[in-house]
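The opening residue of the sequence shown carries number 143 in our numbering; numbering runs sequentially from there.
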Amino acid sequence: MKREGFASRLGMIAAAAGSAIGLGNIWRFPYITGKGGGAAFIVIYLIFIVFIGMSCLLTEFVIGRRGQSDAIGSFLKLSRNKYWSVGGWLCVITVSLIFSFYIVVFGWTINYLVKSIFNIFADKTPQEIGILFSTTTSSVFSPIVYAYIGLGITAFVVVDGIEHGIEKCSKILMPLLFALMVILLLRSLTLPGAGKGIAFLLKPDFSKVTTEVILIALGQAFFTLSLGAAVMITYGSYINKKERMGSAVVQICFINCSISLLAGFVIFPAAFTFGINPGEGPGLAFVTLPNIFQQMTGGYYFAIIFFLLLTVASLTSTISMLEAIVACIREQIMLTRKQAIAIGITIVAILCIPCSLSFGPMNNTKIFGHTFFDICNLITSNYGMPIGSLIFVFFVGWFFGKDNVKDELSNSGKLPVRYFPYYLFTIRFIVPIAILIIFLTKLGVF
Ligand code: TRP
């Protein structure tokens with residue numbers, strides 16, 4: 143059976159950038175930037191993207207394209223020692239857990255899109271908007287129903303396969319996302335307080351940079367590029383053997399970071415204009431922004447555009463998560479795409495229930511002092527993604543053979559790969575050391 147794959151370079155970049163761009167860029171990036179001292183945080187984050195993120199992304203593409211299989215199967219094919227496939231198993235578990243809490247936030251997003259269409263924020267005081275968010279997330283049934291709607295839309299795209307489902311959909315959604323972003327940007331930059339917001343984003347305040355902020359920046363670099371979670375290996379396996387992977391990685395990272403920065407330029411000018419503290423935290427998108435839209439002329443339309451943007455961005459990410467899981471089920475258990483999707487969404491549909499209830503009836507059900515939602519988030523970002531990435535770079539850097547790696551990157555010698563020595567040095571030393579420092583710091587050694 144011929145393996146499915148992306149039909150065009152544009153489609154491949156759109157799909158991978160679509161996976162990378164998500165709630166991480168539009169919801170998480172602005173609020174952690176607000177807390178981490180604006181430009182100072184951004185500088186550190188960009189350094190991590192360039193020196194660590196790009197190499198990790200390229201590493202996942204190498205494993206996938208060389209292995210021509212899903213995350214588990216690629217390891218089985220590429221190494222004689224079957225224990226390496228533990229790396230594949232681990233990252234499939236990671237992506238399932240990420241999916242389970244991500245789909246809950248995706249559900250809130252769809253819910254808020256509906257609310258904005260019905261003009262629910264109109265005439266509400268800031269306090270009422272805050273209460274609206276907590277009642278929305280703490281109900282028992284409606285957040286789960288919205289999460290299932292998100293899951294259904296995701297499955298609807300993935301069922302059509304790589305070329306006709308994922309690639310086609312990404313080629314439509316990514317330009318749409320960009321257009322929505324530009325509309326919001328034009329509005330935000332013409333607000334009276336725009337100057338202050340822009341200054342906040344451009345003037346570094348290094349006094350806010352603590353060890354914790356640095357760790358958050360590194361974690362964000364992994365999260366935003368969907369690293370250590372099977373997705374980029376799976377997408378790598380669909381990349382055409384003639385494609386230049388090195389330049390694709392640079393383009394994907396560039397698009398991803400641009401969208402994060404643009405999100406910052408949308409949100410901060412608005413926050414400063416309406417006198418709202420940008421270090422607000424996770425409520426930024428669901429509480430702060432509806433407040434702002436409410437006070438702004440044309441806010442009704444801008445609210446719809448914003449939540450549509452967030453929906454589109456999340457959808458291309460959940461598509462990649464489902465595909466990573468489906469690829470493993472299909473290729474390891476030899477099922478059809480439809481059967482694999484049925485199993486994949488059932489697993490997520492079950493796991494997302496306690497995640498959603500963590501904001502309501504299960505608020506007090508704590509595992510090691512955290513709710514189920516927080517546990518999924520913490521386990522994946524503190525352990526799953528970094529350990530997954532560590533295994534990948536170790537495998538490619540030390541065990542897979544330098545010549546094999548170079549052969550894959552140069553399309554069997556057809557492309558010059560002048561960056562190769564730097565890449566190899568980074569994955570052999572810099573990435574493992576950076577990840578070990580995170581662990582030791584988190585374990586309190588420093
Ligand atoms: N990168 C996505 C975002 O920024 C989210 C994400 C994190 C992700 N890890 C992932 C997506 C793993 C797919 C697979 O929103």
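Glycine included, C-beta positions come from ideal geometry on N, C-alpha and C.
If you're wondering where the values come from, they're calculated on a predicted model, not measured in any experiment.
Under DSSP, G180 takes part in a beta bridge, and its partners are P346. Apart from the 5 residues on each side of it in sequence, T296 sits with its Cβ closer than 6 Å to the Cβ of T460, I461, L464 in its chain, given in chain order. Sequence-distant partners of Y565 (beyond 5 residues in either direction) whose C-beta falls short of 7 Å from its own C-beta, in its chain, are S197, L200. Of the candidates T439, N223, G530, the residue whose Cα lies closest to the Cα of F364 is G530.
Runs of the alpha helix (DSSP H) lying entirely within the stretch 178-260 and spanning at least 4 residues, in chain order: 181-190, 196-209, 213-220, 227-259.
Spatial neighbours of I418 in its own chain (CB-CB distance under 6 Å, excluding positions within 5 residues in sequence) are listed in chain order as T430. Going by DSSP, R479 is part of the alpha helix (DSSP H) stretching over 479-499. When DSSP states are grouped into helix, strand and coil, I314 belongs to the helix group.
Closest in alpha carbon position to I394, among V204, V454, F283, L152, is L152. Per DSSP, the unbroken alpha helix (DSSP H) holding V454 starts and ends at 441-475. By the CB criterion at 9 Å, A469 and A213 fall inside the cutoff. For Y244, the shortest separation between its Cβ and any heavy atom of the ligand TRP lies below 8 Å.
Taking C-beta separations shorter than 7 Å and ignoring five residues to either side along the sequence, the partners of I569 in its chain run S197, T201, V535, V538, G539, following chain order.
T332 and S500 have their C-alpha atoms some 39 Å from each other. Between the stretch 509-522 and the stretch 168-185 there are fewer than three inter-stretch CB-CB distances shorter than 8 Å, so the stretches are not counted as touching. By the Cβ test, the stretch 289-303 is in contact with the stretch 442-461, since at least three Cβ pairs between them sit closer than 8 Å. In the structure shown, I418 falls within a coil segment according to DSSP collapsed to helix, strand and coil. For I509, the three-state secondary structure derived from DSSP is strand. The criterion of a C-beta distance shorter than 9 Å is satisfied by I184 and P346.
Annotated three-state conformation of L357 is helix, per DSSP. Taken atom to atom, the span from the alpha-carbon of K310 to that of L367 is near 21 Å. With fewer than 16 other beta carbons inside 10 angstroms of its own, R222 counts as exposed. Pairwise C-beta distances place the stretch 152-163 in contact with the stretch 312-327, as three or more of them are shorter than 8 Å. In the pairwise beta carbon analysis, the stretch 438-452 is classified as not touching the stretch 370-379: fewer than three pairs are separated by under 8 Å. I235 and L451 do not touch by the CB rule: their CB atoms are close to 30 Å apart, not below 8 Å. At least one heavy atom of the ligand TRP lies closer than 8 Å to the C-beta of M527.
Boundaries of the alpha helix (DSSP H) around Y565: 562-567. Counting only heavy atoms of the ligand TRP, the residues whose C-beta sits closer than 6 Å to one of them are, along the chain, S161, A162, G164, L165, G166, N167, V237, I240, F365, T366, S368, A371, V373, S459, S462, M463. For A289, the uninterrupted alpha helix (DSSP H) segment begins and ends at 284-300. One Cα belongs to K144, the other to S211, and the distance between them is close to 12 Å. Here DSSP, grouped into helix, strand and coil, assigns M504 to coil.
With 16 or more other Cβ atoms inside 10 Å of its own Cβ, F203 counts as buried. With fewer than 16 other Cβ atoms from the protein chains shown falling within 10 Å of its own Cβ, S349 counts as exposed.
Looking at the backbone, the Cα of Y442 and that of Q436 are separated by about 7 Å.
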